[in-house]
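Residue numbers (the working numbering): 66 to 378.
Report on the following structure.
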């Protein structure tokens, strides 16, 4: 039996909801502020339908994603919105969520705008300033969802999007730099990022942030590389070794302790440890190579959860 919270069921209920609304009150689609309120209530109802045991994997972002997809398809199929209307509705919905402190509606708005850019990628540049504003939101979960808009652009206009991300990497705002790294995560949506023959430019961008002063940014860089290590362990191990050599770091048993390192070297070592934690834990066949990068004590004593050595006295 299909779960009530399946993606298809959410989309079907959304389409049915929109069809009923169109028959009863078609003008409500045009009144964007009112329509935002209606959608907010529908999202709440959908969220309440999710069984508690499924909430961890199927929260606000999951629900909003499929409501946004179905709503966009309905509006497009029935010619209810012009191109600019999609953008205006997404913007109004986000503002409404901001005013009412409704993060679910804000997630929806960002995912709706992601659908807009996926279908109309030529308008990406025109909404970029808004995207950067959303990426600097006070709520970290909203900042994270902003990446979906960039990901949509990456799917349709990757070369142009990478040009923009390359410029953003030098932004003084850590939230914007983090947006870059989160937009380049090797998810199933962007499977080509997992291809070692195609992702050199991605690794070059991550390399530029490997000693970033913000741990918020470096954590994202490390997470990205950790994910990539599952698909291309040899390439990631070589990259880590290259980083060590370029930084003139001498490898020794206790290197992972960072004792005696400069501030920049400590930041780099932190990123490398964060990047290699999957291989260390799950692939003992790579331990000899990892020792050559971070030293023997990293293998023997490193605590992944606390990202520090737990060497016994």
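Positions of the beta carbon are idealized from the N, C-alpha and C atoms, including for glycine.
Task: Neighbourhood of residue 74 by C-beta distance below 8 Å, restricted to the same chain and skipping five residues each side - done: 67, 68
Task: Cut-off 6 Å between Cβ atoms - residues of its own chain near residue 378, not counting five sequence neighbours on either side - done: Only weak support exists for where residue 378 lies, its pLDDT of 35 falling under 50; the value from the coordinates is given anyway. Cβ neighbours of residue 378 beyond the five flanking positions: none.
- [ ] Could you name the residues of the same chain whose beta carbon sits closer than 6 Å to that of residue 263, not counting the 5 residues immediately before and after it, in chain order?
- [x] 257, listed in sequence order.
Task: Residues of its chain near residue 389, where Cβ-Cβ distance is below 7 Å and the 5 sequence neighbours each way are ignored - done: Absent from the structure is residue 389, since the part of the chain shown begins at 66 and ends at 378.
TODO: Have a look at 252, 89, 357 and flag the residue whose alpha-carbon is nearest the alpha-carbon of residue 310.
DONE: 357
Open item on the list: Going by C-alpha to C-alpha distance, which of 221, 224, 270 sits closest to residue 244?
Closed with: Ranking 221, 224, 270 by Cα distance to residue 244 puts 270 first.
TODO: Quick one: using the 10 Å Cβ neighbour count with 16 as the cut-off for buried, is residue 277 buried or exposed?
DONE: If you draw a 10 Å sphere on the C-beta of residue 277, you find 16 or more other C-beta atoms in it, and that means buried.
Open item on the list: Let me make sure I understand the geometry here. Which of 225, 241, 153, 212 has the alpha-carbon closest to that of residue 249?
Closed with: 212
Open item on the list: Among 287, 167, 136, whose alpha-carbon lies nearest the alpha-carbon of residue 204?
Closed with: Comparing Cα positions, the closest option is 167.
Open item on the list: In the DSSP assignment, the alpha helix (DSSP H) including residue 287 goes from what residue to what residue?
Closed with: 280-294
Open item on the list: Does any residue of chain B have a CB that is nearer than 8 Å to the CB of residue 336?
Closed with: The structure shown contains no chain B; it holds only a single protein chain.
Task: Minimum C-alpha distance to residue 301 - residue among 118, 354, 115 - done: Proximity to residue 301 across 118, 354, 115 peaks at 354, based on C-alpha coordinates.
Task: Alpha carbon of residue 235 to alpha carbon of residue 217, nearest angstrom - done: 22 Å
Open item on the list: Quick check on this structure: which residue in 112, 105, 104 has the alpha carbon closest to the alpha carbon of residue 72?
Closed with: 112
Open item on the list: Measuring straight from C-alpha to C-alpha, what distance separates residue 350 and residue 165?
Closed with: Between the C-alpha atoms of residue 350 and residue 165 there is a straight-line separation of about 53 Å.
Task: Residue burial classification, residue 317 (beta-carbon count within 10 angstroms, cutoff 16) - done: Classification for residue 317: exposed.
TODO: Throw me the rounded Cβ distance for the residue 231 and residue 275 pair, which I believe falls under 8 Å.
DONE: Their Cβ separation, rounded to whole angstroms, is 15 Å, which puts residue 231 and residue 275 out of contact at 8 Å.
- [ ] Express the C-alpha separation of residue 181 and residue 102 in angstroms, rounding to a whole number.
- [x] 20 Å
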